[in-house]
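To start, the structure itself, in structure tokens.
Number of protein chains: 2
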Amino acid sequence: MRMVHTMIRVRNLEETLEFYTGFLGLREVRRHEVPGDCTLVFLADEAGDYHIELTYNHDDRDYTLGNQFGHLAFVTDDLDKVIADVEGKSWWYRGSRPEMKSRYIFLNDPNGYDIEILESGQRS
Amino acid sequence: MRMVHTMIRVRNLEETLEFYTGFLGLREVRRHEVPGDCTLVFLADEAGDYHIELTYNHDDRDYTLGNQFGHLAFVTDDLDKVIADVEGKSWWYRGSRPEMKSRYIFLNDPNGYDIEILESGQRS
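If you read the protein sequences in the order shown, they are chains V and X. For what it's worth, this note's numbering labels the leading residue of the first sequence as 1, then goes sequentially. For what it's worth, this note's numbering labels the leading residue of the second sequence as 1001, then goes sequentially.
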């Protein structure tokens, strides 16, 4: 069995795409419109082996995020540059716990999902 | 930025591992115990490029799953074999919508997360 994607429902497609493609640097690899129903957008990194599927339902329904789902994690070569970018945007984030060996930050995407960004050269 | 893992909080680690390694065929690639706090288990498929991180908190806290998070998706070479397996276990599942070109099923993992299993040779 191959792992192929993680699907998340999103509240605002343009803001979500700006976060995942603009800020995180993923690329849109496929889009599927179901008229009057939903828009599905698949995102990938350079390797492209795994996708994040964004589902944007057109009916303006509300969602409950809950506290069970965890987060999506990414690795960067330059965490300080990412932190400077986040601080420049005045976004909330929290840094690594002092007792942890790895360097990372957590922040939220525009839909409230937790996002972890780790510095490369460490275990994910 | 590389995509590295999706983290999900789980209610029962053994039942969850039986589902992801026994039923889905993933393998445990790393485990980290934080005594008195949590157990973290990383799962991968054969390619091993992307991980699912299971977080099992030891304090028996309850969770709210909500309805915003979507699903985790997998691809199999033999969907009929998977369906026979699911039916043999008497698990709930739903099949492809007739109007969709792809063949897939949806079912739930032991924590209530939606799981999609697609037949290979199709777009994910």
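Where a beta carbon is used, it is the ideal one built from N, C-alpha and C, also for glycine.
Just to make sure I have the definition right: I need the residues of chain V whose C-beta is within less than 8 Å of the C-beta of residue i. Which are they?
i: Y1104 of chain X; result: The contacting residues do not exist; Y1104 of chain X stays about 11 Å from chain V at best.
Less than 8 Å between CB atoms is the rule here; does residue i satisfy it with respect to chain V?
i: N1012 of chain X; result: no
i: T1016 of chain X; result: no
i: I1083 of chain X; result: no
i: T1076 of chain X; result: yes
i: L1024 of chain X; result: yes
i: Y1136 of chain X; result: With chain X covering 1001 to 1124 only, the question about residue 1136 of chain X has no answer from this structure.
i: S1124 of chain X; result: In this predicted model, S1124 of chain X has a pLDDT of only 49, less than 50, meaning its place in the structure is not dependable; the value taken from the coordinates is given anyway. So yes, S1124 of chain X belongs to the interface.
i: M1100 of chain X; result: no
i: R1009 of chain X; result: yes
Residues of chain V with CB under 9 Å from residue i, in chain order?
i: G1066 of chain X; result: Y63, T64, L65, G66, N67, Q68, F69
Between residue i and chain X, is any beta-carbon pair separated by less than 8 Å?
i: R97 of chain V; result: no
i: Y56 of chain V; result: no
i: R27 of chain V; result: no
i: D37 of chain V; result: no
Taking the beta carbon of residue i as the centre, do at least 16 other beta carbons fall within 10 Å, making it buried, or is it exposed?
i: A73 of chain V; result: buried
i: G1121 of chain X; result: exposed
i: E53 of chain V; result: buried
i: T64 of chain V; result: exposed
i: H32 of chain V; result: exposed
At 7 Å on the CB atoms, spell out the chain V contacts of residue i, in chain order.
i: L1072 of chain X; result: T6
i: R1094 of chain X; result: The contacting residues do not exist; R1094 of chain X stays about 16 Å from chain V at best.
Report, in whole angstroms, the separation of the C-beta atoms of residue i and residue j, which I expect to be a contact under 8 Å.
i: L43 of chain V; j: R27 of chain V; result: 7 Å
i: D45 of chain V; j: M1003 of chain X; result: 5 Å
i: F39 of chain V; j: Y56 of chain V; result: The sequence shown places Thr at residue 39 of chain V, not Phe. Confirmed, Cβ separation roughly 5 Å.
Could you list which residues in chain B have their beta carbon closer than 7 Å to that of residue i, in chain order?
i: D1045 of chain X; result: Considering every chain present, this structure includes no chain B. Its protein chains are V and X.
Does any heavy atom of the ligand GDP sit closer than 7 Å to the C-beta of residue i?
i: T21 of chain V; result: The ligand GDP is not part of this structure, which contains no ligands at all.
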